[in-house]
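Protein chains in written order, with our numbering: chain S, 1 to 188; chain R, 1001 to 1534.
All residues carry an ideal CB built from backbone N, CA and C; glycine is no exception.
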């Protein structure tokens, strides 16, 4: 009897210690699911999902407070990837948040109208606008995510969204036409 | 059009299998016996195309990094002069195919399935065909291998079988090579440029192979030719006999796609190239016969890759034949020299009927990778029906894939799953689509999925950069806020430590300090003003 109790409690202590050590040793910093969701989002930081950036949206999704179809820049591909990751059914993009466009756009400053107010610089979430007070501003095209956040703050409306030119190396084969599903006539 | 006989070996009646053939042949999975349509373009010898008035040379004609343009409009160029400089290890320059004046460096339509424009160099030819500087190494056996490889690289030689991968890279495998294979299979219907090249320039091809053999120190040399080209086999055998090279010409059964690099290697050596590696990883280098000729021209005669043999054929061409044409010659011009179009042409294709792509116009130049211009009169593709899971596609797939699964996931845009089924091992040969009883354009689905996945990878890189910049942006805002708070706190503290009223000495020193500050500021202002006046 005593041997049994002793051996069981010894085992319990042993495994308890083992678990404790393992918990310390393999401790996961942060919430891995948020990181995984964040990795799938396009990082435009546009806020169209109603959250202030991609990571807050990822956090809300992980907490079950946001749906997977609120990201217009990501479009169908992002929704499919999120559905796959979270194990839910894919659904069409919620049009309330905006429409998905396959053509990528970037912001361009019309330089002759720029008054150098720095408002757009403050609005840019990825610091892709170069300039200083009373100096002309310009947008670094390769870093612009096309979030449009700089367009509204401009007091002289000198920022325009222009579609990026399609480069031949980045051209994609179109989706083939769906096989025609023919209605079968049943002869009796 | 096609009759599916999976795993069929060649026609035993053909007399190409002579007794001297010591290599044991093997088979690859699947494949098709197709109607070759080759005889229509082999009745004429290779004709040298007329020198066109203008040549249009796309800057990017190879797989790899783009090259930098080193000429300007208005500049006089000579035949063989370099027009671009390779920007990276996997890159290739282009050369002026004849002498003339550069008339434009701008975006033009190029042969590409997208129908988009790309940077091109246009040359107004002067008809003199005057050579510039020529570098050659006729005594290649006494030349340094690195010099030879660099010469091949500078000569802009790329694989002429269709992939246009820089040859110099393939000739630098980084390990010992046991077998050098020359690919003369030319399995795709309609195309006969390699066949005609072997018939007419066998000795040059064998010499080119000897150069590559010397560079790679390959122990074994095999030339694989499909048995539907008996003239080419005979010519190549005669050339090998004349040369010092111990190569063996092997007649292989005519099954599409034996000309695929991995398929040819399997047939000749029974070795399979793993999906994620190159033939060089298992000690094999495979080169096209046209590439061997180009290597010969460059090393022995100092001629960079400025022309190639191209088949102009199909039911829609009046006199189908092969041309030796300068790179950059307009397709329309070549078609005109082949007697023009016959009435009822429905489709123009660059490449063969299986792997080629449709062109919207013939006002585009031929490039290094152009092996065939095909004009078809009948293209009736019945509408696609749903997949009935018959499994015929699996039986013919030479890459041992499951085409219907790939189709399924491509259709559903499930790009993770489709890679689990090894989408990137697909060589886009089109066998599956050819036998599909539902006429599903399977290869189009695979191409769609591949380019979509590449695009996602590019987007991923971009979004990772954007994330980093956003995090940095947030950190910067946070830091500025903190710095401001610290500054305010410091000021507050300074106010607190202010000397009390009545301490006359301290007050005096404070007033003096303030005066000094104002003075310094005034002085500074005047100097700046002076600077402005000046």
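Asked, Found
"Quick check on the burial criterion: 16 or more other C-beta atoms within 10 angstroms. Buried or exposed for residue 1156 of chain R?", "buried"
"Tell me, please, whether the CB atom of residue 168 of chain S is closer than 8 Å to any CB atom in chain R?", "yes"
"Count Cβ pairs between the region 1330 to 1349 of chain R and the region 1423 to 1430 of chain R that sit closer than 8 Å; are there 3 or more?", "no"
"Relative to the C-alpha of residue 1283 of chain R, which candidate in R:1273, R:1291, R:1292 and R:1289 has its C-alpha closest?", "R:1273"
"Could you give the residue range of the alpha helix (DSSP H) that holds residue 8 of chain S?", "2 to 25"
"Spatial neighbours of residue 1211 of chain R within its chain, please: CB distance less than 6 Å, with the 5 preceding and 5 following residues excluded, ordered by chain position.", "1140, 1295 and 1299"
"Can you pull the chain S residues whose beta carbon is under 9 Å from the beta carbon of residue 1448 of chain R, in chain order?", "172, 173, 174, 175 and 176"
"Would a check of beta-carbon distances place residue 143 of chain S closer than 8 Å to chain R?", "yes"
"How big is the Cα-Cα spacing for residue 1173 of chain R and residue 69 of chain S?", "48 Å"
"For residue 1433 of chain R, go through chain S and note every residue whose CB falls closer than 9 Å to its CB, in chain order.", "Correct list: empty, because the minimum Cβ distance to chain S is about 11 Å."
"Just tell me which of S:67, S:175 and S:131 has its CA closest to the CA of residue 90 of chain S.", "S:67"
"Within the chosen definition, does the region 1211 to 1227 of chain R reach the region 1245 to 1255 of chain R through at least 3 CB pairs nearer than 8 Å?", "yes"
"With 16 other CB atoms within 10 Å as the buried threshold, where does residue 1518 of chain R fall?", "exposed"
"Excluding the five sequence neighbours on either side, which residues of its own chain have a C-beta within less than 8 Å of the C-beta of residue 1456 of chain R, listed in chain order?", "1415"
"Does the region 1106 to 1113 of chain R come into contact with the region 1256 to 1273 of chain R, if we say contact requires no fewer than three beta-carbon pairs (one atom in each stretch) closer than 8 Å?", "no"
"What would DSSP say about residue 1521 of chain R, mapped onto helix, strand or coil?", "helix"
"Please decide whether residue 1469 of chain R counts as near chain S, where near means a Cβ-Cβ distance under 8 Å.", "yes"
"What separation, rounded to the nearest whole angstrom, lies between the Cα atoms of residue 1119 of chain R and residue 97 of chain S?", "39 Å"
"If we define contact as Cβ-Cβ less than 8 Å, is residue 1118 of chain R a contact residue for chain S?", "yes"
"By the DSSP assignment, the alpha helix (DSSP H) with residue 84 of chain S in it spans what residues?", "75 to 86"
"When Cβ atoms are compared, which residues of the region 121 to 142 of chain S fall closer than 8 Å to chain R?", "124, 125, 126, 127 and 128"
"List the residues of chain R whose Cβ lies closer than 7 Å to the Cβ of residue 53 of chain S, in chain order.", "1470"
"Who are the neighbours of residue 1413 of chain R on chain S, taking C-beta pairs under 9 Å?", "76, 77, 80 and 175"
"Inspect the CB distances between the region 152 to 163 of chain S and the region 108 to 125 of chain S and report whether three or more fall short of 8 Å.", "yes"
"For the region 82 to 105 of chain S, list every residue whose C-beta sits within 8 Å of some C-beta in chain R, in sequence order.", "84"
"If we cut at 8 Å on Cβ distances, does residue 43 of chain S have a partner in chain R?", "yes"
"Measuring alpha carbon to alpha carbon, tell me which residue in S:34, S:75 and S:65 is nearest residue 55 of chain S.", "S:34"
"For residue 1127 of chain R and residue 1347 of chain R, I'd like the C-alpha separation in whole angstroms.", "33 Å"
"Using the beta-carbon of each residue, which ones in chain S are nearer than 7 Å to residue 1114 of chain R?", "168 and 171"
"Taking only the alpha-carbon atoms, compute the straight-line gap between residue 105 of chain S and residue 65 of chain S and give it to the nearest angstrom.", "30 Å"
"In chain order, which alpha helix (DSSP H) runs of at least 4 residues are fully inside the region 1198 to 1283 of chain R?", "1202 to 1216, 1230 to 1242 and 1261 to 1269"
"Helix, strand or coil for residue 1450 of chain R, going by three-state DSSP, please let me know.", "helix"
"What is the DSSP secondary structure of residue 1172 of chain R, reduced to helix, strand or coil?", "coil"
"Between which two residues does the alpha helix (DSSP H) carrying residue 1078 of chain R extend?", "Per DSSP, residue 1078 of chain R belongs to no alpha helix (DSSP H) and is neither H nor E."
"Step through the CB atoms of chain S and report whether any lies within less than 8 Å of the CB of residue 1463 of chain R.", "yes"
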